[in-house]
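Data first, discussion second: the structure below is written as structure tokens.
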Amino acid sequence: NAGVTQTPKFQVLKTGQSMTLQCAQDMNHNSMYWYRQDPGMGLRLIYYSASEGTTDKGEVPNGYNVSRLNKREFSLRLESAAPSQTSVYFCASSSDRGSDTQYFGPGTRLTVL
Amino acid sequence: SQKIEQNSEALNIQEGKTATLTCNYTNYSPAYLQWYRQDPGRGPVFLLLIRENEKEKRKERLKVTFDTTLKQSLFHITASQPADSATYLCALDISYGQNFVFGPGTRLSVLP
């Protein structure tokens, strides 16, 4: 059981470049989430997906798009990266029960120059 | 405005003492409140969950309380050990598993 996996672990982009962060979980969870974590600000929700085929905006969705490819995979795309998107990105998953915990991936450290 | 705060950015305590961390929030009505531990360079790891109708929850050396009137949760680690040193995050479930709000975290250092 790998849990939640994320690729890549590190990435450096130039302003205006695009990239996709990949996330996969093997726990048969319905819900998946993308967060960003910045110093002093805690984790902020970018997008979440309550089930395959559905996505909803979180607190900070601007500049990002997501795809829930299937039940296992949830990707985050930056179409035109900006320095303000320099952050650590975490993917998480949970069962569809409201009282369940979230399981987090190891994170992707992204720097936009 | 809606806000979630944790009492301090950093907390230092002596080994063996009880560490108490605070999470305060305004203008939310969470169904659940969770506490997570995060080590440097890693993702958060779930520790405890407490529901809005529960006053207290325990797990080994950990205890969490939840006062919905004060809009506050306290997280206690008894008989603290250097291995407990980490950042602790509180998180509000504000939409029954669909949406979570995290606090900024408290970095705990347990000194030998």
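Protein chains in written order, with the numbering used here: chain A, 13 to 125; chain B, 67 to 178. Note that beta-carbon positions come from the ideal geometry of N, C-alpha and C, so glycine has one too. As the structure is a computational prediction, the values presented were derived from the model and not from experiment.
Put simply, the backbone Cα of G54/A is about 13 Å away from that of C89/B. For the pair L158/B and L113/B, the CB atoms are not nearer than the 8 Å cut-off. Distances from the alpha-carbon of R84/A to those of Q29/A, E71/A, A104/A, D68/A put A104/A closest. Under DSSP, the beta-bridge partners assigned to T123/A are V24/A. Our two residues, S96/A and T135/B, have alpha carbons roughly 37 Å apart in a direct line. Beta-bridge partners assigned by DSSP to M44/A: S61/A, S105/A.
Counting only unbroken stretches of 3 or more residues, the beta strand (DSSP E) elements lying wholly within the stretch 74-162 of chain B are 76-80, 85-92, 98-104, 111-117, 122-125, 128-133, 138-143, 152-159, in sequence order. If you draw a 10 Å sphere on the C-beta of A76/B, you find fewer than 16 other C-beta atoms in it, and that means exposed. Taking a contact to require three or more Cβ pairs closer than 8 Å, the stretch 143-151 of chain B and the stretch 13-31 of chain A do not qualify as touching. Only residues of its own chain outside the window of five on either side were considered, and among them T131 have a CB closer than 6 Å to the CB of E122/B, listed in chain order. The beta-bridge partner set that DSSP reports for T17/A consists of A36/A. In the three-state DSSP reduction, S175/B falls in the strand class (E or B). Residues of the stretch 112-136 of chain B whose Cβ lies closer than 8 Å to any Cβ of chain A, in chain order: F112, L115, R117. Within the same chain, Cβ atoms closer than 8 Å to the Cβ of L88/A are found at T32, L33, C35, W46, I58, Y59, Y76, N77, V78, Y101, C103, the five residues on either side in sequence being excluded. Burial state of D105/B is exposed, judged by a 10 Å Cβ sphere holding fewer than 16 other Cβ atoms.
Under DSSP, no beta-bridge partner is assigned to G52/A.
Inclusion of V167/B and I79/B in the CB contact set at 8 Å is not warranted, their separation being larger than that value.
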